[in-house]
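Number of protein chains: 2
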Amino acid sequence: MDYLQLPESITEKSTPGGQILAESKQRSSSDNINSPQTSDNTCIPKDFSCIYNKDLLPALSGEDTTKDFFQELVNILLSYVCKSFRRSSKVLDFHHPHQLREGLEGFSLELPDQPENLEQLLVDCRDTLKYGVKTGHPRFFNQLSSGLDVIGLAGEWLTSTANTNMFTYEVSPVFILMEEVLLRKMQEIVGWSEEEGDGVFCPGGTMSNLYSVLLARYHFFPEVKTKGMTALPRLILFTSAHSHYSVKKSAAVLGIGSENVVVVKCNDRGKMIPAELESSIITAKDQGCVPFYVNATAGTTVYGAFDPLNAIADICESHGLWLHVDAAWGGGLLMSKRHRVKLQGIERAWSVTWNPHKMMGAPLQCSAILVKKRGLLKDCNQMCAEYLFQTDKHYDTSYDTGDKTIQCGRHVDVFKLWLMWKAKGSEGFGSQVNKCLENAEHLFDKLKQRPDFELVFKSKPEHSNVCFWYIPPSLRNMPPGPERNRRLHEVAPKIKAKMMEQGMAMIGYQPLGDKVNFFRCVFSNPATQTEDVDYLLEEIASLGHDMQNASGLRPICESGLRPLYESDCGSD
Amino acid sequence: MDYLQLPESITEKSTPGGQILAESKQRSSSDNINSPQTSDNTCIPKDFSCIYNKDLLPALSGEDTTKDFFQELVNILLSYVCKSFRRSSKVLDFHHPHQLREGLEGFSLELPDQPENLEQLLVDCRDTLKYGVKTGHPRFFNQLSSGLDVIGLAGEWLTSTANTNMFTYEVSPVFILMEEVLLRKMQEIVGWSEEEGDGVFCPGGTMSNLYSVLLARYHFFPEVKTKGMTALPRLILFTSAHSHYSVKKSAAVLGIGSENVVVVKCNDRGKMIPAELESSIITAKDQGCVPFYVNATAGTTVYGAFDPLNAIADICESHGLWLHVDAAWGGGLLMSKRHRVKLQGIERAWSVTWNPHKMMGAPLQCSAILVKKRGLLKDCNQMCAEYLFQTDKHYDTSYDTGDKTIQCGRHVDVFKLWLMWKAKGSEGFGSQVNKCLENAEHLFDKLKQRPDFELVFKSKPEHSNVCFWYIPPSLRNMPPGPERNRRLHEVAPKIKAKMMEQGMAMIGYQPLGDKVNFFRCVFSNPATQTEDVDYLLEEIASLGHDMQNASGLRPICESGLRPLYESDCGSD
């Protein structure tokens, strides 16, 4: 008997919507298909209500109980995984913070003094998943990271079972070498020669970008490590108006100061304008400041725009500046023969941020900072703490990576990506990227045809980002202007709120520059099909239309003074 | 039939030592106890050699194959978990980097262009665990983080299945609230009032310490965020000679400069001397510098020493300095009624680092920075990027934590700790800590009695660290002095190398100040029993003694010029 095989009648039971069911108070017998069966063939779940943590390993004879407990847990988790991919499941079952805080039907977040039994823990596990968000659902379009790669998930389960640290070779021999292999491969794909390239996996793209600024500063002013910024002239960084805010944040953290980040203008497609960069550099020099670093973005967060890397690299070369390419989001396109042309020039970067947890679908977190100049990471970060990094060990201690990082101890973020690479091959990642971009094109084509939607920019998407407004009937014939903008600004938040309450899809929105709130749809989940894209548009249109006729929305009055929507009522 | 139940004859088969077996090329049938059985009762493993990633979810009708694949994986993982706790298992099966890099018996780290089949992936998973280190083994004493908490592991499996980000409430409602509950509880345990306290979970203790310096600087000089360090006077930090190197690293990263960290002298027990701190502060002021931050350590890395927090807090108060307590290692003792007295005064700290992944046994990583002043984290780090953090959402957006962190997106490190807390209760953590410290006392008592070992300091351990030398027979009657030191310095590395090759236990060593290489044993694994402590001492003594009589070690010659050990041979 296959323990993971749920009877069809039970697995296909759709998740109950909105309301909270008493069911969540006990594991349903359907989660326990490997339990003893009664004569009428119903399952009796194994009862863990008298079993406690103390009965599990390392307790003597704890093996069986531990295995039984994991069996139940795995049933719950795999049931969740299967549900995540089913379109009949909800993406989320939304509750406000105060509702969850107060405890829902016995799901209490409070921490006890005394142990609770394992039955309660299993119920808590089910509730934790129930009230969360299925980021792997084919209709979750909310973040750059989405999808649930099952091989990546298998990799994470192994990683946590191994429970070690990317600190020294002696405690992580296999993972340290996998990191080396992965980084080398990524450097090769970026286009660096065999003599070039170093790097490290980091806790997220912001940290990777922070590394790049840190390394650039050290490269030009190595004395900063010991003497600090007071020994240095006023340093200036450049990044585009559409770039990620982490460049500014890095400047603040590193003691450079966010005001010393010059924000370079973009064209209407969200790409940095090289001439603007050059004139900003010259202006900064004229003011007696010292430009040292330019961040170019390959795949901006909102528009998915690619900065013109070669033109920017030319400018960096002529002024002797460090070129960083933030390809956190766009790096995945390097895997696609069809799309990698959009990152032409990336090989000229001095450092690259690339997050496989975004476009390549690796589970969170998986982000690399790649550095062209070998040895710089170590020189910049090492503190030679011999009480932590002994040099008289019997193996090649250059594999002890702890001292070349900021973090010292690091989570193992490499195994899942390594295993996924084995499972898909480089070509599999390429196909996955192509598919996501095809979904974006499909959405773009649909939007062009519909009168109830408006594109934020008319050109074909370069990445998988598609930005658009839903235009309610009442606004369709209104002339452009501040009043229309004021009203349009309120549409996306209201639709998103309704969508989250219904729970059948999820998408993000934001304002940007002079553009009022618009939806940004992104595709990074290979589970998403064109039918899901179509569903999303219908859902938005239907929610927007319904609101118009419901109490939440009144027809626009002549005076233009009444808000488009009434303010939220308590339950909204 | 219980799918996780391995037949006793197979589960108890001890791991073959040293040599690499062809067995690792295929999953052994013992991993597949749920597979069909032949008439002679041997199991036939399900064959995945024609099944690929493309056959798994989200493939249509991929549910069954996905479940089958996870079944095999879980068998491998739980077999590893059980082995980790068995004393008959090896802690590690050591290979040098070049050996693993070259590929062992088909375990190739290289990344393919084409997909590999799932059978190969399962073999790779088994090999990854085989060549790794069992950090949960009762005889792994190498790191401050050890043990394999099975409830924590369950929490990690769920976390990776949920695959979300501590970024906004909308994508992590449950985890965001669990973080709040955990932080509040930890602040309460530290001793802060209900009006005080903020914090965030970070990727490791070094990052937590970096946060503390960042916040202190911002607290006194908020203009640093925009203007950078050049707007500030020369800032000085203070930390003890035995503190973690992350304080210096933070100063380097943040642009303060590592030379501006004043290293305060410790007594021979490794505790900061308050009078030395005070005079260092006065000296710095006299030199026109601006002291602003003191790091006190509660549980140093090597000695496990606790700085006198109240005396240091008095000095900080009188000089108006930020007091940070690095309780990454010692924080766990707050859970024990018996031992929490060692952290008396911690409630006076302005910020506290506390790593539940160390003494509380949470899986890696789990580290908190606690901050007394509410709102400071947000003020210091927020960049108000409205394209990421919309303020017009329909829920209370103060729960969107992304903007108060450095990292923006963050891994979910809270669920495992939350689940462990439910499983053990606060009292369970207390008992666990007590047990680890009892093991340390047991080791201390044993060492006092033995002529072949020497304690680094004679007083009873305060934490679970016990530091000692093994004294080979040839050194026992040698007078103290440089020559004895030179020889003694080589003993621990040689013994550790042999120990790693044999693989039955693992312990760290390091020099510190004027002390030559000594062993540091630490206890944070509740699976460790006194018999394991006894085993460790016998193992060290036996390896030390054997080496003396083997080719690796020659008797000391009169001239004192010949090294104690021959240099490593190729295979060593």
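So the sequence lines, in the order shown, correspond to chains A and B.
Residue numbering for the first sequence follows my numbering, beginning at 1 and increasing consecutively.
Residue numbering for the second sequence follows my numbering, beginning at 1001 and increasing consecutively.
Built from N, CA and C at the ideal position, the CB exists for glycine as well.
query, result
"Please check if any C-beta of chain A sits within less than 7 Å of the C-beta of L1543 (chain B).", "no"
"Please report the distance separating the alpha-carbon of E1072 (chain B) from that of L1121 (chain B).", "11 Å"
"Under 7 Å between C-beta atoms, does E1116 (chain B) make it to chain A?", "yes"
"Taking 6 Å as the cut-off, is the C-beta of G1103 (chain B) nearer than that to any heavy atom in the ligand ADP?", "Here there are no bound small molecules, and the ligand ADP is not part of this structure."
"Does the Cβ of V341 (chain A) have 16 or more other Cβ atoms within 10 Å, making it buried, or fewer, making it exposed?", "exposed"
"So which residues on chain A does P1308 (chain B) lean against when the C-beta distance must stay under 9 Å?", "Within chain A, no residue comes near P1308 (chain B); the closest Cβ sits about 22 Å away, beyond 9 Å."
"Quick one, which residues of the region 383-406 of chain A are near chain B if we go by CB-CB under 8 Å, in chain order?", "M383, A385, E386, Y387, L388, Q390, D392, K393, H394, Y395, D396, Y399 and I406"
"Does P482 (chain A) pass the burial test, meaning 16 or more other C-beta atoms within 10 Å, or should it be called exposed?", "exposed"
"With a threshold of 16 other CB atoms inside 10 Å of the CB of L56 (chain A), please say whether the residue is buried or exposed.", "buried"
"CB-CB under 6 Å to A550 (chain A), same chain, minus the five flanking residues each way: which ones, in chain order?", "In this prediction, A550 (chain A) has a pLDDT of 44, which is less than 50 and means its spatial position is unreliable; nothing more can be read from the coordinates."
"Looking at the structure shown, is D403 (chain A) part of a helix, part of a strand, or coil, going by DSSP?", "helix"
"Is the beta carbon of F1141 (chain B) closer than 7 Å to that of C1521 (chain B)?", "yes"
"Answer with buried or exposed for S1061 (chain B), where buried requires no fewer than 16 other C-beta atoms within 10 angstroms of its C-beta.", "exposed"
"Keeping to the same chain, check which residues put their C-beta closer than 6 Å to that of T397 (chain A); ignore five residues upstream and five downstream.", "T391"
"Can you confirm whether T161 (chain A), when its beta carbon is compared against all beta carbons of chain B, has any partner nearer than 7 Å?", "yes"
"Expressed to the nearest angstrom, what Euclidean distance is found between the alpha-carbon atoms of L254 (chain A) and T1206 (chain B)?", "15 Å"
"Please go through the same chain and pick out, in chain order, the residues whose beta-carbon is closer than 7 Å to the beta-carbon of R338 (chain A), but skip the five residues on each side of it.", "N434"
"Please classify C408 (chain A): is it buried, with 16 or more other beta-carbons within 10 angstroms of its beta-carbon, or exposed?", "buried"
"Along chain B, in chain order, which residues have C-beta atoms closer than 9 Å to that of V224 (chain A)?", "A1252, G1255 and G1257"
"With a threshold of 7 Å between beta carbons, is N1260 (chain B) in contact with chain A?", "yes"
"Does DSSP classify G228 (chain A) as helix, strand or coil?", "coil"
"By Cβ distance, which residues of its chain are closer than 8 Å to A251 (chain A), with the 5 residues on each side in sequence left out?", "V213, L237, G257, S258, N260 and V261"
"Fully enclosed by the region 1281-1311 of chain B, which beta strand (DSSP E) runs are 3 residues long or longer?", "1290-1297"
"Give the list of continuous beta strand (DSSP E) stretches no shorter than 3 residues that lie fully inside the region 469-525 of chain A.", "506-512 and 515-521"
"In chain B, which residues lie with their C-beta within 7 Å of the C-beta of W421 (chain A)?", "L1111"
"When you compare the region 1163-1171 of chain B with the region 1411-1427 of chain B, are there three or more beta-carbon pairs, one atom per stretch, that lie closer than 8 Å?", "yes"
"Just curious, the beta strand (DSSP E) that W1350 (chain B) is in, first and last residue?", "Where W1350 (chain B) is concerned, there is no enclosing beta strand (DSSP E), given that its DSSP letter is neither H nor E."
"Going along chain B, which residues have a C-beta under 9 Å from K372 (chain A)?", "Per Cβ cutoff of 9 Å: no residues; K372 (chain A) is ~21 Å from chain B at best."
"List, in order along the chain, the chain B residues whose C-beta lies closer than 9 Å to that of T206 (chain A)?", "T1405, I1406, Q1407, C1408 and G1409"
"Closer than 8 Å by beta-carbon distance: list the chain A residues that pair up with N1142 (chain B), in chain order.", "E170 and V171"
"For F70 (chain A), go through chain B and note every residue whose CB falls closer than 9 Å to its CB, in chain order.", "L1004, V1074, L1077, L1078, V1081, V1150, L1153, A1154 and W1157"
"Report the CB separation of L1215 (chain B) from V1371 (chain B) in whole angstroms; it is logged as a contact under 8 Å.", "6 Å"
"Can you tell me the Cβ-Cβ gap for H219 (chain A) and L376 (chain A), rounded? I've got them flagged as a contact below 8 Å.", "6 Å"
"Just to make sure I have the definition right: I need the residues of chain B whose C-beta is within less than 8 Å of the C-beta of T164 (chain A). Which are they?", "G1132, V1133, T1135 and L1364"
"Is F523 (chain A) close to chain B, meaning its C-beta is less than 7 Å from at least one C-beta of that chain?", "no"
"Could you give the uninterrupted runs of the alpha helix (DSSP H) lying entirely in the region 1139-1198 of chain B, keeping only those of 4 residues or more?", "1150-1162 and 1173-1190"
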